[in-house]
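Data first, discussion second: the structure below is written as structure tokens.
2 protein chains.
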Amino acid sequence: MTSLKAACSQCNLRELCLPYGLSETEIAQIDQLVGARRKVKRGHHLYRAGDPFEAIYAIKMGFFKTDILLEDGRDQVTGFQMAGEILGMDGIGTDIHTCNSIALEDSEICIIPFVQLEQLSREVQALQRHFHQVMSREIVRDHGVMMLLGTMRAEERLAAFLLNLSQRFTARGYSPQEFHLRMTREEIGSYLGLKLETVSRAFSRFQDEGLISVHQKHIRILEAAGLKRLLNHQPP
Amino acid sequence: MTSLKAACSQCNLRELCLPYGLSETEIAQIDQLVGARRKVKRGHHLYRAGDPFEAIYAIKMGFFKTDILLEDGRDQVTGFQMAGEILGMDGIGTDIHTCNSIALEDSEICIIPFVQLEQLSREVQALQRHFHQVMSREIVRDHGVMMLLGTMRAEERLAAFLLNLSQRFTARGYSPQEFHLRMTREEIGSYLGLKLETVSRAFSRFQDEGLISVHQKHIRILEAAGLKRLLNHQPP
DNA sequence: CAAGCCGTTTGATCTGGGTCAATATCGACC
DNA sequence: GGTCGATATTGACCCAGATCAAACGGCTTG
Chain A
3 MTSLKAACSQ CNLRELCLPY GLSETEIAQI DQLVGARRKV KRGHHLYRAG
53 DPFEAIYAIK MGFFKTDILL EDGRDQVTGF QMAGEILGMD GIGTDIHTCN
103 SIALEDSEIC IIPFVQLEQL SREVQALQRH FHQVMSREIV RDHGVMMLLG
153 TMRAEERLAA FLLNLSQRFT ARGYSPQEFH LRMTREEIGS YLGLKLETVS
203 RAFSRFQDEG LISVHQKHIR ILEAAGLKRL LNHQPP
Chain B
3 MTSLKAACSQ CNLRELCLPY GLSETEIAQI DQLVGARRKV KRGHHLYRAG
53 DPFEAIYAIK MGFFKTDILL EDGRDQVTGF QMAGEILGMD GIGTDIHTCN
103 SIALEDSEIC IIPFVQLEQL SREVQALQRH FHQVMSREIV RDHGVMMLLG
153 TMRAEERLAA FLLNLSQRFT ARGYSPQEFH LRMTREEIGS YLGLKLETVS
203 RAFSRFQDEG LISVHQKHIR ILEAAGLKRL LNHQPP
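In order, the protein sequence lines correspond to chains A and B. Each residue of the first sequence is one higher than the one before, starting from 3 at the first, in the working numbering. Each residue of the second sequence is one higher than the one before, starting from 3 at the first, in the working numbering.
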């Protein structure tokens, strides 16, 4: 575990991340707060369900998934997180993490000790506000996933998933059309409530229809409008 | 709209609600904060998707559902809320509510203006802490629903739903075995990602197996252990 | 570069829950 | 107390996606 001192003030993600909307002087205060950086190798846990909760984490670079494991062995991926996004808020409620957070590629995160975050957000109103917004957005995102799992058919789910990834990559300065998936078909399936074969078939069908091109984990979106059309169309 | 002054200090829900864990003097401060009570008649909205966000709401008495409506007409119930629970946190992220909140029976809520809540929680650490816990628990609850929608079969979903309701009624001093559902089969189905016929059939099957007795909206749990067994069993 | 091992694709078949339809029951309102 | 619309139950049939199975491609590793 390497630990460089983090510095939000130097970070090009600050407009996507926790410091969003803060003034220069306020960001300087956050620099104090953010403890250290930590590297997490691909496949390693950032935290596990059951771990005591001490901090939330901002992704400096890399890609994560969170999942929940039931006693009977079934598991569910609850989210994929990329640079600038916040991990660990599941632990605040009970002081114990309730899911696992696993790096899908070699990653680096900033540790934000929670006691100090609360302390500072009692002093810096804009920070308090923004932290509440981050939590609320997580709730709204989860509602979106519930919608997806509860009402959409397989192809709609995958289309929604691809468009969501595309949009998030775009916000980070990458191409909206072209990206490579960090997760396996099985992980996508778990997130979308589908089996990996169904995910694979849906990819193939999208490709046949000329909406995307797929080669393994490499995705190119050829016709975003076609994917969007899938979403707003009622199932038969 | 009737508006009585609320008084957390007098409220028998305070140990379930926002004031949880606060001292007498701190609760007195909350009394200042909580604006007014408001009655919401059965079938009426507390707020709608698109409404500007101004306050969160604590349910004083009654029963609510939240739902999301897609442009194409599909909708999904995202939750059912009962006395002592908090509504409206979906609006914090964007300053606009993202779902509808509808009373399923004549209800009464306490209005907690959000600006003032943030103000006071900058001063009262225990309040800040608890509010963060409430939000985090909402996230964890949503993960549970994702798990349910993503990995469970129809009967498991319904069993989980009944046990969850039972547990929440118990926490409010009602019978764990006997309660009446405030929502229709269709609303249960929407929440659980099932059609109303499937919900109805699952109820009938539970009744045939002697696990519960159902008469319309009246439920009596006869063998909670049997329902729990359904949950921890892997699907074939 | 051969051997293995994942991860992925594709085909064939099966099934849980959706769909469609008919009937039953309840509660609200004249 | 009778009518009507909303809610619930039950049956018959069907299909999207699961399951089972086989083969393939791209890596890592010796």
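Glycine included, every Cβ here is placed at the ideal spot set by N, Cα and C. What you are looking at is a predicted structure, and each value in this text was computed from that prediction instead of being measured.
Open item on the list: Let's see if you can read the secondary structure: which residues bound the beta strand (DSSP E) around I58(A)?
Closed with: A57 to M63
- [ ] Using a threshold of 8 Å, state whether the C-beta atoms of E120(A) and Q31(B) are closer than that.
- [x] no
Task: Neighbour-count burial assignment, N234(A), 16 or more Cβ in a 10 Å radius - done: exposed
Open item on the list: Taking the straight line between their C-alpha atoms, what separation do you get for P21(B) and I70(A)?
Closed with: 30 Å
TODO: Could I get the ranges of all uninterrupted alpha helix (DSSP H) runs contained in the region 99-170 of chain A, with 4 residues as the minimum, in chain order?
DONE: 116-125 and 127-153
TODO: Could you tell me which residues DSSP puts in a beta bridge with I29(A)?
DONE: According to DSSP, which records beta bridges pairwise, I29(A) is partnered with nothing at all.
Task: Alpha carbon of V36(A) to alpha carbon of C112(A), nearest angstrom - done: 7 Å
Open item on the list: Cβ closer than 7 Å: which chain B residues qualify as neighbours of C101(A)?
Closed with: H145
Open item on the list: Can you list, in chain order, the residues of its chain with a C-beta nearer than 6 Å to that of H182(A)? Leave out the 5 residues immediately preceding and following it.
Closed with: K219 and H220
Open item on the list: I need the boundaries of the alpha helix (DSSP H) containing L233(B), first residue and last residue.
Closed with: A226 to L233
- [ ] Check the Cβ of R131(A) against every Cβ in chain B and list those closer than 8 Å, keeping chain order.
- [x] E120
Task: Proximity below 8 Å, CB of T100(B) to CB of G81(B) - done: no
- [ ] Tell me whether K230(B) is buried or exposed, calling it buried when 16 or more other Cβ atoms sit within 10 Å of its Cβ.
- [x] exposed
TODO: Identify the contact partners of G195(B) in chain A, using a Cβ-Cβ distance below 7 Å as the criterion.
DONE: L151 and G152
Task: Below-8 Å beta-carbon distance, D53(B) vs any chain A residue - done: no
Task: Proximity to I94(B) [Cα-Cα], best of Y59(A), S138(A) and P54(A) - done: S138(A)
- [ ] Pull out every residue of the region 56-79 of chain A whose Cβ sits closer than 8 Å to any Cβ of chain B, in chain order.
- [x] I70, L72, E73, D74, G75, R76, D77 and Q78
- [ ] Tell me, please, whether the CB atom of R139(A) is closer than 8 Å to any CB atom in chain B?
- [x] yes
Open item on the list: Within 10 Å of its beta-carbon, does I98(B) have 16 or more other beta-carbons around it, so buried, or fewer, so exposed?
Closed with: exposed
Open item on the list: Counting only Cβ-Cβ distances shorter than 7 Å, please list the residues of the region 207-221 of chain A near chain B, keeping chain order.
Closed with: none
- [ ] List the residues of chain B that H235(A) touches, going by C-beta distances under 9 Å, in chain order.
- [x] D74
Task: Candidates Q118(B), R124(B), V201(B) and I114(B), of which the one nearest C10(B) by Cα - done: I114(B)
Open item on the list: So, for V79(A): in the same chain, excluding its five sequence neighbours on each side, which residues have a beta-carbon less than 6 Å away from its beta-carbon?
Closed with: K67, D69, E189, S192 and Y193
- [ ] Express the C-alpha separation of E225(B) and P178(B) in angstroms, rounding to a whole number.
- [x] 11 Å
Task: Simplified DSSP state of Y193(B), which is helix, strand or coil - done: helix
- [ ] For R184(A), count neighbouring C-beta atoms within 10 Å of its own C-beta (all shown protein chains included) and say buried if the count is 16 or more, exposed if not.
- [x] buried
TODO: Tell me T68(B)'s beta-bridge partners as DSSP assigns them.
DONE: G81(B) and S103(B)
Open item on the list: Would T4(A) pass as an interface residue toward chain B - the criterion being a Cβ-Cβ separation below 8 Å?
Closed with: For T4(A), the predicted model reports a pLDDT of 48, less than 50, meaning its position is unreliable and no value from the coordinates is stated.
TODO: Compare the C-beta of L164(B) against all C-beta atoms of chain A and say whether one is closer than 8 Å.
DONE: no
- [ ] Measure the alpha-carbon distance for A204(B) versus G52(B) and round it to whole angstroms.
- [x] 36 Å
Task: Backbone secondary structure at V216(A) - three-state DSSP - done: strand
Open item on the list: Helix, strand or coil for E180(B)? Go by DSSP, reduced to three states.
Closed with: strand
TODO: Look at the alpha carbon of L150(A) and the alpha carbon of D144(B), and state the distance between them as a whole number of angstroms.
DONE: 13 Å
Task: Classification of N14(B) by the beta-carbon crowding that lies within 10 angstroms, buried from 16 upward - done: exposed
- [ ] Assign S25(B) to buried or exposed, taking buried as 16 or more other Cβ atoms, counted over all protein chains shown, within 10 Å of its Cβ.
- [x] exposed
TODO: Label E180(B) either buried or exposed according to how many other C-beta atoms from any shown protein chain fall within 10 Å of its C-beta, with 16 as the threshold for buried.
DONE: exposed
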